[in-house]
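Everything below concerns the one structure shown next.
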Amino acid sequence: MPRKPRSKAARAAPKTGQKVDLKLLATGVPGLDQTLGGGLPALSFNMIAGGPGTGKTTLAMQMLFANASPQRPGLFFTLLGETSLKMLRYQQQLDFFELGRIGRDVHFRNLSREVLDGDLDLVLERIVEEVERIGPGFVVIDSFRSMVRLKGPADHDRALEAFVQRLALQLTTWEITSFLIGEYDDQEVQNPIFTVADGILWLSQAADRNSVVRKLQVVKMRGIANMPGLHTVRITGRGIEVFPRIPEAARKGRPRIGLRLSTGITGLDAMTGGGIPAGDSLVLAGPTGTGKTTFALQFVAAGLRNGEAAVIAVFEEHPAVYLDRARAFGVDFEGAMKRDQIRIIYLRPLDLSVDETLEEIRASVRAIGATRLVIDSISGFEVALAPTFREDFRESLYRLIGTLTSMGVTIFSTVEVLEKQEVFQLTGYQISFLTDDIIRQRYVEIEGELVKVLSIVKMRGSEHSQEFRTYDITANGVLLRDALHHYDRIMTGMPTRQLRPGSRYPGLTGAEVKVLEAVVRSGAESLRRIAAETGLPAAAVRPMLERLIELGFVARRSGGYVAVARPSGG
Amino acid sequence: MDRSPALEAARRVCARVNGRGPGHADDDAAAAVDGVISDLRGGLSPWIGADAYSALLRRSIQGASGRHPVLEELDWETHPPAGTVAAVARHGVEAVTDACVAVVGGMIDHLARVVGPHMAIQLVEQSIPRRHRAAAGPEEERHA
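Shown next, in the form of structure tokens:
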């Protein structure tokens, strides 16, 4: 069959292989390449805009150092504003500023006198002269706006536009990637000057009470698909770091592999239906003093025993306190840290952003291949955030948890609940919708004593216990005790005792009763046979048998298990 | 002899003046001084700005002129300074060389207080063409 003749336009169009290769340069600014959509297009003519103190010069300088080489040096022009001497003084404090490269592959040129003369043609001439002489591959001009301010407001914008247009042309023909730095307010983003630029990076900062938050927006970047929105920026001794908002790709669904992770607490795995489903996000919510951190530590310890790695993000207690507690439970966290099986991230700066926190956790999870993550606590995390980020905390938490679980890690978060005695909130944070599993702790008063109680509120896609179980925090960790079968109104905190017939084995879960009855029926049986009879997995039955032994219902005999005779009425 | 890093660097920078042996005309020495000051101005001004260069030079001359009166006989308003030939004739090559070293050393000192000694020495040394620094020997190579 004859092929249809191609249209004239189609014949004229270049084939894919003939299209110009848009090479992307690494900016040398952590997180920025990802934000830009892969890197900075080579030969692009860009602008960095923003108010004073937003990090414009540092950002440009960092990119210049990353891209300068003896063959294609970096050339930094200072016009007006920060003097060259001051810039050299302060910028050299940053790690990327390598003194040995100054004068070799990084050059500075001060054109303040030409600018003060007010002759834009002369400024352009001098720039071109230096570009021709040095042959740079990367040029920064700081700050291009200040010079036109000298000419007065009448021809301000027109003169600047013409200057920038001619400059862009010159730099492009010299095959240079360039940045112009200008002080602009957020309202000036529509300024026609920006139409010339291939890319615009907009920096801003906002002070809120005692915190300052810097942000970066890629307003445009021709040729590549950049990440939209505002991204947090932090300036440290290392220079600038950008924390991109969580990429969509990273938030796609997570694998559900059917694996269950032990909580490390005897009896709790049975209550959850066999452990926490791998890749789930579990929230343990309870009032102060209910042992949330102990639960979290035992979750990590169970992973360690299983050869898994874990990351603990601590927002309240100091890591040293964590290590002390773990030691008391006979868990060698310090050894695990030395082996890089555990990483403890301690975050309390009070001006954190969610993306920054996420990046730190993600890096640690990746670095040690962690399968377990503890966030202790969500309440502390919120306090550690800059006030501006607390406003959309729930949404941010949703992004954070979604991203981390999509990496396959199982999250165990704690949250402190301030509860009135008669009210039973699920988490107090209205974050139940973003977690897969919720375990709720609370205090109840029984016979004049304060008793700790827990219940499984939610285990997504899984059968779980419906009981309220009392527990204690002992020197060896969490010890689950009786279920409150004979009480009503537990959720009010002041249960009332109800004598009702039924349970022959108070304090045992339904599954445990099932196991016990199987043992009673069959005499001495192996674990395998009991599991087969009850229809439960052997891994779930084993801890139940351990607990039944602990409570005196069952004893080991000849490699099997037998029921222990108990006085009636117990 | 003062062995401070700034003065050591200044000596390397002024090596072409100092390096002239017997038999060279005073005019040559004066021209060498002119050359050093011109190179410094040409090399440093683009980096730190012409005004900053002038301010540094002025402070250095003020600081050194008490110990080197010959500096007051030169006209620093012109580029290069006028009067070097006469100064060499009156005070001798050594005195003019020492004055030149003091001025350059002072500039490095002042600059170092702002940008640190490493960068100050680097900026000043790279202002002088390599062929004029070669006479300084191995010390120069360490800073090149």
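Sequence lines, in order, name chains A and B. Each residue of the first sequence is one higher than the last, beginning at 633 in the working numbering. Each residue of the second sequence is one higher than the last, beginning at 10 in the working numbering. Backbone N, C-alpha and C define an ideal beta-carbon position, used for all residues, glycine too.
Query	Result
Any C-beta of chain B under 8 angstroms from that of V652 (chain A)	no
Beta carbon proximity, I734 (chain A) to chain B, threshold 8 angstroms	yes
Cβ-based burial, A1107 (chain A) [other Cβ within 10 Å; buried from 16]	exposed
The region 712-725 of chain A: positions lying closer than 9 angstroms to chain B by Cβ	T715, S716, L717, K718, L720, R721 and Q724
DSSP beta-bridge partners of P909 (chain A)	A:R892
For E1081 (chain A), the nearest candidate out of A:G769, A:L801 and A:D1104 (CA to CA)	A:D1104
Cα-Cα separation between R883 (chain A) and L1168 (chain A), rounded to whole angstroms	Caution applies to R883 (chain A), whose pLDDT of 49 falls short of 50 and renders its modelled position unreliable; the value that the coordinates give is listed next. Each residue's Cα considered, the two are about 34 angstroms apart.
Contact the region 1147-1165 of chain A vs the region 1111-1118 of chain A: 3+ CB pairs below 8 angstroms	no
R741 (chain A): contacting residues in chain D (beta-carbon distance under 9 angstroms)	Among the protein chains of the structure shown, namely A and B, there is no chain D.
Same chain, Cβ closer than 8 angstroms to E1182 (chain A), five either side skipped, listed in chain order	T898
A61 (chain B) at chain A interface by Cβ criterion, 8 angstroms	yes
M21 (chain B), enclosing alpha helix (DSSP H) - first and last residue	Going by the sequence as given, residue 21 (chain B) is Arg instead of Met. Its alpha helix (DSSP H) spans residues P14 to V22.
Whole-angstrom distance between P824 (chain A) and R790 (chain A), CA atom to CA atom	9 angstroms
Nearest neighbour of G1191 (chain A), chosen from A:R1179, A:V997 and A:L1159 [CA to CA]	A:L1159
Positions along the region 119-131 of chain B whose CB lies within less than 7 angstroms of some CB in chain A	V123, V124, G125, H127, M128 and Q131
From A:R957, A:E940, A:A910 and A:N938, residue whose alpha carbon lies closest to that of F927 (chain A)	A:R957
Under the three-state DSSP convention, the category N1210 (chain A) falls into	This structure cannot speak to residue 1210 (chain A), because chain A is shown only from 633 to 1202.
Contacting residues, own chain, Cβ-Cβ under 8 angstroms from L777 (chain A) (five flanking each side not counted)	Per the sequence presented here, residue 777 (chain A) reads as Arg, with Leu not at that position. If we look at R777 (chain A) and ignore the five residues flanking it on each side, its Cβ neighbours are L792, G814, E815 and Y816.
Backbone secondary structure at S74 (chain B) - three-state DSSP	coil
R777 (chain A) at chain B interface by Cβ criterion, 8 angstroms	no
CB contact below 8 angstroms: S701 (chain A) versus chain B	no
Buried/exposed call for M1126 (chain A), threshold 16 Cβ in 10 Å	exposed
Cβ neighbours of F1013 (chain A) in the same chain (closer than 6 angstroms, five flanking residues each side left out)	F947
Stretch-stretch touch, CB-based, cutoff 8 angstroms, three pairs: the region 706-713 of chain A with the region 672-681 of chain A	no
Proximal residues, the region 835-849 of chain A versus chain B, C-beta separation under 9 angstroms	none
Residue-chain proximity (Q135 (chain B), chain A), Cβ-Cβ < 8 angstroms	yes
Pair within 8 angstroms by beta-carbon distance, Y954 (chain A) and I976 (chain A)	yes
Option nearest D1221 (chain A) by Cα separation, candidates A:H739, A:F740, A:L1177 and A:L743	It is not possible to answer for residue 1221 (chain A), since the shown part of chain A is limited to 633 through 1202.
Cβ-Cβ separation, K655 (chain A) to A674 (chain A) (assumed contact under 8 angstroms), whole Å	4 angstroms
Three-state secondary structure (DSSP) of A968 (chain A)	helix
Under the three-state DSSP convention, the category F947 (chain A) falls into	coil
Residue-chain proximity (L731 (chain A), chain B), Cβ-Cβ < 8 angstroms	yes
N- and C-terminal bounds of the alpha helix (DSSP H) containing M679 (chain A)	Looking at the DSSP string, M679 (chain A) is not in any alpha helix (DSSP H); the run it does join, the beta strand (DSSP E), is F677 to G682.
Beta-carbon separation (whole angstroms), M859 (chain A) vs P876 (chain A), contact threshold 8 angstroms	5 angstroms
Minimum Cβ-Cβ distance from R745 (chain A) to chain B less than 8 angstroms	yes
Selected residue, minimal CA-CA separation from A73 (chain B), among B:I137, B:T106, B:P126 and B:V124	B:T106
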